[in-house]
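Notes to accompany the following structure.
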Amino acid sequence: MSVWSQVVGQPAAVEALRAAAEHAARVRFSSDPDDGTPAPGGAMTHSWLFTGPPGSGRSVAARAFAAALECPDQGCGTCSACRTVMAGTHADVREIVPEGLSISVKEVRSTIEVAARRPTTARWQIVIVEDADRLTEQASNALLKSVEEPAERTVFLLCCPSEHPDDISVTIRSRCRAVRLRTPAPEAIAAVLVERDGVSEADATWAASVCGGHIGRARRLARVPEAREERDAVLALPRALRSAADAFAASDAMVGAAETEAAALAAHRDETEREELAVSMGAGGTGKGTAQAQRSARAAEKDLEKRQRSRLTRTKRDALDRALVELAGYYRDVLVRGVGASVTSTHPDRATEITAAARDSTPESSLRRLEAILACRDALGANVKPEIAIDALVTALRSG
Numbered sequence: 002m003s004v005w006s007q008v009v010g011q012p013a014a015v016e017a018l019r020a021a022a023e024h025a026a027r028v029r030f031s032s033d034p035d036d037g038t039p040a041p042g043g044a045m046t047h048s049w050l051f052t053g054p055p056g057s058g059r060s061v062a063a064r065a066f067a068a069a070l071e072c073p074d075q076g077c078g079t080c081s082a083c084r085t086v087m088a089g090t091h092a093d094v095r096e097i098v099p100e101g102l103s104i105s106v107k108e109v110r111s112t113i114e115v116a117a118r119r120p121t122t123a124r125w126q127i128v129i130v131e132d133a134d135r136l137t138e139q140a141s142n143a144l145l146k147s148v149e150e151p152a153e154r155t156v157f158l159l160c161c162p163s164e165h166p167d168d169i170s171v172t173i174r175s176r177c178r179a180v181r182l183r184t185p186a187p188e189a190i191a192a193v194l195v196e197r198d199g200v201s202e203a204d205a206t207w208a209a210s211v212c213g214g215h216i217g218r219a220r221r222l223a224r225v226p227e228a229r230e231e232r233d234a235v236l237a238l239p240r241a242l243r244s245a246a247d248a249f250a251a252s253d254a255m256v257g258a259a260e261t262e263a264a265a266l267a268a269h270r271d272e273t274e275r276e277e278l279a280v281s282m283g284a285g286g287t288g289k290g291t292a293q294a295q296r297s298a299r300a301a302e303k304d305l306e307k308r309q310r311s312r313l314t315r316t317k318r319d320a321l322d323r324a325l326v327e328l329a330g331y332y333r334d335v336l337v338r339g340v341g342a343s344v345t346s347t348h349p350d351r352a353t354e355i356t357a358a359a360r361d362s363t364p365e366s367s368l369r370r371l372e373a374i375l376a377c378r379d380a381l382g383a384n385v386k387p388e389i390a391i392d393a394l395v396t397a398l399r400s401g
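Here you go:
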């Protein structure tokens, strides 16, 4: 099975990337011996920008393209290059994945410094930047210098939601070849869940229909009972708005669920990182130089704790954002049902409830509630405390 099978519901993008990988396999470098064969027409593009809505598979497409560039057969899926790239362990493919709230300039500089060297095992040095919209201004400027004048064998693959200046700087965008992904069809998502993840056809069809086109979300809904319970709790909020006590209890439950999920995800990883740091810093050692080592260890521990706190904050925020997206989908369905539009429902399993809600409200009130949800997302992005932002949202939803 080739690496391209990992890219779900994106036939146009796959065709373009496959053609580019085939061309890249024929590129001649200045250091290559001259065997008398002419170089292929055109030039290899060293900078790529993968855009698409959340869940469309931007990073998966970038990783599949990286595997195809390093693979002798342009993405066979079975060779060592394909397997290590897709697993994130290839020596010449580096990924910048924001674990905190942003990508720092220090992280970018350290990565591009290594990526500017010659590859060790393959033809290309490749840098994949997930969530490039989280680059700080300084990090973006540092990356721009390398994108403008890349090393001969270095390729940059950037992933972000859109080409809008709020997501990626205009200067970086202008130097990249765009790969635009779309929301995968529910049928394509369901097929992947059945064939690749072993999900039953009924569960796969349901999860694909309510995931909003987000492949990872569909997989979690189909396989994790807690995810379905979290979704039910979020979609219970509109029914609780009739009572102030019930509404604010629901908002507290939403924040609590996000904190519980984030803490559960962080607990094991944080402990593992602390143990690995202790071992690397020579914990329990004695003899000459121990005092200096302990001072260095304390500084490293503080830096690790800072990164872990930032990661925990982002995990909480991401969990709340997923809940808000579910809620926005609910009121979007109420709005389109209220105006009689014939469009695909975000929550088809709640059709009866949504029809009743549309009957009891007006399109104007549904639109105001959607705007309140978007305002809450903006508030969370501006570091407003989750409890305050969610309580303000509940107040706005109740006033309708």
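Anchor point for the sequence shown: position 306 equals 307 in our numbering, and the numbering is continuous, going up by one each time. Glycine included, every Cβ here is placed at the ideal spot set by N, Cα and C. Just so you know, these numbers come straight off a predicted model, no measurement behind them.
Nearest to L1 by CA position, among G401, V385, V395 and Q7, is which residue?
Here the chain has residues from 2 to 401 only, and residue 1 is not among them.
Under DSSP, the alpha helix (DSSP H) around Q139 begins and ends at which residues?
Segment E138 to E149, the alpha helix (DSSP H) holding Q139.
For a cutoff of 8 Å on Cβ pairs, would you count T79 as touching chain C?
Among the chains in the structure shown there is no chain C, since it carries only a single protein chain.
Closest to R197 by C-alpha separation, out of S48, G217 and E302, would be which residue?
Nearest of S48, G217 and E302 to R197, Cα basis: G217.
Spatially closest choice to E262 from F51, T316 and A234, by CA coordinates
When C-alpha distances from E262 are compared across F51, T316 and A234, the shortest belongs to T316.
Compute the beta-carbon to beta-carbon distance between A50 and C212, rounded to the nearest angstrom, for a pair I have assumed lies under 8 Å.
Per the sequence presented here, residue 50 reads as Leu, with Ala not at that position. Not a contact, Cβ separation roughly 25 Å.
Kindly indicate which residue of L371, A300 and V344 has the alpha-carbon position closest to the one of E329.
In the sequence on display, residue 329 carries Ala and not Glu. Of all alpha-carbon atoms in L371, A300 and V344, the one lying nearest the alpha-carbon of A329 is that of L371.
T347 and D361: beta carbons closer than 8 Å?
Annotated as distal: T347 and D361, with beta-carbon spacing of 8 Å or more.
Can you give the Cα-Cα distance for C160 and S244, rounded to whole angstroms?
In this structure, the alpha-carbon of C160 lies about 43 Å from that of S244.
Taking 8 Å as the threshold (C-beta atoms), are S170 and P349 in contact?
No, Cβ-Cβ distance for P349 and S170 is not below 8 Å.
With DSSP collapsed to three states, give me the class of Q309.
The three-state reading of DSSP puts Q309 in helix, counting H, G and I together.
Which of the three DSSP states, helix, strand or coil, is assigned to L242?
Three-state result, L242: coil.
Using a 10 Å radius around the Cβ and a threshold of 16 neighbouring Cβ atoms, would you call R119 buried or exposed?
That one is exposed.
CB of S48 within 8 Å of CB of V148, strictly:
Yes, the Cβ-Cβ distance between S48 and V148 is below 8 Å.
N-terminal and C-terminal residue of the alpha helix (DSSP H) that V211 is part of:
E202 to V211 is the extent of the alpha helix (DSSP H) around V211.
With a floor of 3 residues, list each beta strand (DSSP E) that falls wholly inside the segment 5 to 92, ordered by position along the chain.
Qualifying beta strand (DSSP E) stretches, in chain order: 48 to 52.
With respect to the alpha helix (DSSP H) encompassing R181, which residues constitute its N-terminal and C-terminal limits?
Premise fails: R181 lies in the beta strand (DSSP E), R178 to R181, not in any alpha helix (DSSP H).
DSSP three-state label for V256, please.
The three-state secondary structure of V256, taken from DSSP, is helix.
Can you name, in chain order, every residue of its own chain whose Cβ lies under 7 Å from the Cβ of E388, other than the five neighbours on each side?
Answer for E388: V256, listed in chain order.
Which of the three DSSP states is assigned to E388 in this structure?
DSSP, reduced to helix, strand and coil, places E388 within a helical segment of the structure shown.
Provide the residue(s) that pair with R95 in DSSP beta bridges, ordered along the chain.
Answer is V128, bridged to R95.
Rounded to a whole number of angstroms, what is the C-alpha to C-alpha distance between V86 and K146?
Here the alpha carbon of V86 sits roughly 25 Å from the alpha carbon of K146.
For I169, which of helix, strand or coil comes out of DSSP?
Of the three classes helix, strand and coil, the one that applies to I169 here is coil, per DSSP.
Let me check understanding here. Comparing Cα to Cα, which of P151, D132 and L158 lies closest to S103?
In terms of CA proximity to S103, D132 leads the group P151, D132 and L158.
Going by C-alpha distance, which of A246, R312, V337 and A68 is nearest A123?
Measuring from the Cα of A123, the nearest candidate turns out to be A68.
Less than 7 Å between C-beta atoms, sequence neighbours within five positions excluded: which residues of the same chain meet that for R220?
Around R220: L194 and D198.
Beta-carbon proximity list for C72, same chain, < 7 Å, skipping 5 on both sides:
These residues qualify, in order along the chain: C80, A82 and C83.
Going by DSSP, what residue range makes up the alpha helix (DSSP H) through V156?
Looking at the DSSP string, V156 is not in any alpha helix (DSSP H); the run it does join, the beta strand (DSSP E), is T155 to C161.
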